[in-house]
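Using numbering that gives the first Met the number 0, the letters of the sequence shown correspond one by one to residues 0 to 223.
Backbone N, C-alpha and C fix where the C-beta goes; we use that ideal spot for every residue, glycine too.
Shown next, in structure tokens, is the structure this report addresses.
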Amino acid sequence: MAVNITAYKSIIEELKDKATLIAVSKTKTVSDIKELYKLGQKDFGENYVQELIEKQSQLPEDIQWHFIGHLQSNKVKFVVPFVYLIHGVDSFKLLKEINKQAQKVNKVVNCLLQVHIAQEETKFGFNQEELDILFANKELKDLHNIKIMGLMGMASFTNDLQKIGEEFAQLKRLFDQFRPFANHNAEFTTLSMGMSSDYKTAIEEGSTMVRIGSLLFGARTYQD
Ligand SMILES: *Cc1c(COP(=O)(O)O)cnc(C)c1O
């Protein structure tokens, strides 16, 4: 499957100063990634630790790798040494593990807190109450090797763009609400929302980072 260069260029043009494009390359080949890299794309997103490690070792050092899947605590140590941003942090326990592994390699690792905005039960993430608890936790300030860059969320799996828009708007409200909690290890500059099917809606609702796979690389043989 060839990379859709035309789609890439028009999305870049469309996003311009509004949002950063993460090219989601899960299940796609190293040569597909190189094709976009040659056009100047530096941010790539992957969901599976093993796949990410294999690709990372074969690709240029200046690629910024985004881990956008569900990260298990026991896998944290494998991605921390090189990852640029972990999008799906959904518990304080995971945040502490990232901090611990980051400390070992003397790094500060950028993280996004995943928020549950979709109607489906299965999607991971904090709700508002859990965010309140997290930011009230005195221990949070002691995590010197993580930086919370903002929030990430996924809308419901539906064609109803109005519903999707409402869910993104809800995430944007939470982002604005928790922004005052910014401190030495929480920056709140990044709002990661929007995929191939709903990124336009996400931009309208204030997204600063979109994660796009199939529009760039074609459909995947397996789906998340
Ligand atoms: C796969 C995936 C994407 C990209 O999905 P597309 O519909 O192919 O654009 C974005 N975000 C997450 C978390 C994903 O798992």
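Residue i: buried (16+ other C-beta within 10 angstroms of its C-beta) or exposed?
i, result
"residue 9", "exposed"
"residue 156", "exposed"
"residue 172", "exposed"
"residue 4", "exposed"
"residue 198", "buried"
"residue 255", "Residue 255 cannot be examined here, being either before or after the span of the chain that is shown, 0 to 223."
"residue 212", "buried"
"residue 223", "Its pLDDT being 47, under 50, residue 223 is placed unreliably by the model, and nothing is read from it."
"residue 120", "exposed"
"residue 220", "exposed"
"residue 39", "exposed"
Which one or two residues does DSSP pair with residue i in a beta bridge?
i, result
"residue 182", "185"
"residue 208", "19 and 191"
"residue 145", "108"
"residue 114", "125 and 152"
Do the CB positions of residue i and residue j come within less than 8 Å of each other?
i, j, result
"residue 79", "residue 108", "yes"
"residue 185", "residue 153", "no"
"residue 98", "residue 67", "no"
"residue 123", "residue 150", "no"
"residue 110", "residue 133", "no"
"residue 57", "residue 42", "no"
"residue 200", "residue 163", "yes"
"residue 74", "residue 104", "no"
"residue 167", "residue 194", "no"
"residue 136", "residue 91", "yes"
"residue 2", "residue 35", "yes"
"residue 31", "residue 177", "no"
"residue 139", "residue 125", "no"
Original post:
Below 8 Å, can you find three or more Cβ-Cβ pairs linking the region 3-22 to the region 48-61?
Top reply: No: the two stretches stay apart, fewer than three of their Cβ pairs being nearer than 8 Å.
Original post:
Taking only runs of the beta strand (DSSP E) that begin and end inside the region 18-104, which ones reach a length of at least 3 residues, in chain order?
Top reply: Fully enclosed beta strand (DSSP E) runs of 3 or longer: 19-23, 42-45, 63-66 and 84-88.
Original post:
So does the region 203-212 actually touch the region 15-28, counting three or more Cβ pairs closer than 8 Å?
Top reply: Yes, they touch.
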